[in-house]
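Have a look at the structure below, then the notes.
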Amino acid sequence: MEELSTADPDTAVIATRALTKRYRGGQLAVDGLDLTVPAGSVFGFLGPNGSGKTTTIRMLMGLIEPTSGTARVLGQPMPRASRTVLPQVGALIEGPALYGFLSGRDNLLRYDAADPTADPRTRRTRVAAALDRVGLTAAGGKKAKAYSLGMKQRLGLAAALLQPRRLLVLDEPTNGLDPQGMREIRTLVRELASDGTTVFLSSHLLDEIEQVCTHVAVMAQGRLITQGPVADLAAGTRGRLVVTTPDTADAARVLKEQGVGDVVVAETAEGAEGRVTGEAPPPERELAELVGALVEAGIRVRGFGLERASLEDAFVALTGEGFDVAG
Ligand SMILES: Nc1ncnc2c1ncn2[C@@H]1O[C@H](COP(=O)(O)OP(=O)(O)O)[C@@H](O)[C@H]1O
Ligand SMILES: [Mg+2]
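Below you can see the structure in the form of structure tokens.
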């Protein structure tokens with residue numbers, strides 16, 4: 062496994078060592094996981110379906126016992142310290158459990174009443190604040206069964222936000238939501254993070270992680286492939302050289318002659334401007350030299366530059382596979 066930057070496990074909000082879960086049927090769902098989630102991060106736990114995300118989260122929250130290895134949350138061992146740790150953690154795992162026949166507000170009142178540390182005298186205020194936080198004040202009196210999936214998800218988040226939390230753990234919070242619902246959740250996550258709450262969220266959507274997270278861990282088949290700041294991960298992957306020109310075939314030939322690898326021509330209609338891309342040249346190579354060679358060969362260069370690598374490029378570079386997940 063490649064570690065991008067060393068986050069200190071001693072001050073980490075979540076730290077696991079060789080965390081492993083083998084289910085009774087023999088399925089090795091999580092395999093020797095060393096995860097370090099720095100305080101104040103929005104940490105994306107990324108992986109295709111079945112890669113072990115929910116299993117990991119269940120172990121972190123003390124819902125299931127690891128087969129071996131250890132997990133610390135807020136500096137305390139789990140599941141042993143569940144009683145002291147869990148009140149400081151807001152969690153949304155695989156959709157909230159809601160009573161459909163109760164209103165959104167009454168569902169939250171019920172949640173709050175189930176918390177022995179919650180003062181009943183301030184319950185209504187807390188619930189109103191939580192509804193407001195997720196934008197459900199107007200719909201608070203509606204029965205939960207009439208809520209859209211996005212509203213249900215936000216109500217679940219409201220339940221996780223009844224108390225001030227040091228850590229929020231959200232398992233696929235945008236799963237099944239339409240683009241508008243996804244945007245709302247993303248905005249909310251950013252707001253919460255800017256208040257200093259550490260957010261740990263899982264997703265099988267690369268794009269989503271890239272938009273909202275400061276850090277990422279990539280899982281595949283129960284194993285950690287990499288973790289670190291999102292920016293480092295993308296920076297560690299070389300971007301692509303991009304030439305915009307109507308003379309695509311000639312440009313491709315010259316780039317190859319100049320030693321550029323993996324030259325690809327994006328097909329365009331005859332005479333139209335096209336794109337030729339190739340592997341970014343090593344840093345010591347002067348880009349001006351390449352442009353010079355193109356211009357000298359009579360190629361009409363309309364654009365020339367390096368495209369920053371995306372998280373997707375990094376993922377492909379790491380796994381040798383596209384991040385192509387069904388559902
Ligand atoms: N209760 C269970 N019993 C047996 N196998 C399970 C159980 N829950 C999950 N698995 C298996 O463990 C692997 C990881 O699942 P999961 O943690 O749910 O992944 P993810 O959340 O990334 O989709 C999958 O192969 C899944 O089929
Ligand atoms: Mg899952």
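Taking the working numbering, the leading residue of the sequence shown gets 62, the next gets one more, and so forth.
Backbone N, C-alpha and C fix where the C-beta goes; we use that ideal spot for every residue, glycine too.
Compare the beta carbon distance of P177 and R133 with 9 Å and say whether it is the shorter of the two. no
For R85, is the beta carbon positioned less than 8 Å from some heavy atom of ligand 1? yes
Go to T145, then tell me how far its alpha helix (DSSP H) extends in each direction, as first and last residue. S143 to V146
I'd like to know if the stretch 301–315 and the stretch 131–147 are in contact, where contact means that at least 3 CB-CB pairs between them fall below 8 Å. no
For the pair the stretch 276–292 and the stretch 249–256, tell me if three or more CB-CB distances fall below 8 Å. no
Does the distance from the CB of G161 to the CB of A220 come in under 9 Å? no
Buried or exposed by the 16-neighbour rule on C-beta atoms within 10 Å, applied to M62: Any reading at M62 is ruled out, since the residue's pLDDT is 44, under 50, leaving its predicted position unreliable.
Residue of P290, G364 and Q282 minimising C-alpha distance to F104: P290
Flag this pair as touching only if the stretch 75–94 and the stretch 114–129 have three or more C-beta atom pairs under 8 Å; answer yes or no. yes
Closer than 7 Å by C-beta to S102: which residues in its own chain qualify, once you throw out the five before and the five after it? Chain order, please. T259, T275 and H276
Local Cβ density within 10 Å of T338, reported as buried at 16 or more and exposed below that: buried
Please report the residue range of the beta strand (DSSP E) in which L124 lies. Per DSSP, L124 belongs to no beta strand (DSSP E) and is neither H nor E.
Regarding S102 and ligand 1, is the C-beta to nearest heavy atom distance less than 8 Å? no
Comparing alpha-carbon positions, which option in G237, S112 and A200 lies nearest L89? S112
The alpha helix (DSSP H) spanning V273 covers which residue range? L267 to V273
With DSSP as the reference, label K206 as helix, strand or coil. helix
Cutting at 8 Å between CB atoms, please list the residues of its own chain near G42, excluding the five before and the five after it. Any answer about residue 42 is impossible in this case: the structure gives the chain only from 62 up to 388.
Contact test: D92 Cβ vs ligand 1 heavy atom, cutoff 8 Å: no
Jot down the residue ranges of each uninterrupted alpha helix (DSSP H) in the stretch 208–244, minimum 4 residues, whole runs only, in chain order. 210–221
Closest residue to L94 among A281, D180 and R194 (Cα-Cα distance): A281
Please go through the same chain and pick out, in chain order, the residues whose beta-carbon is closer than 8 Å to the beta-carbon of L163, but skip the five residues on each side of it. R171, K204 and A205
May I ask which residues mark the beginning and end of the alpha helix (DSSP H) holding T258? Note, T258: premise wrong, no alpha helix (DSSP H); not H, not E.
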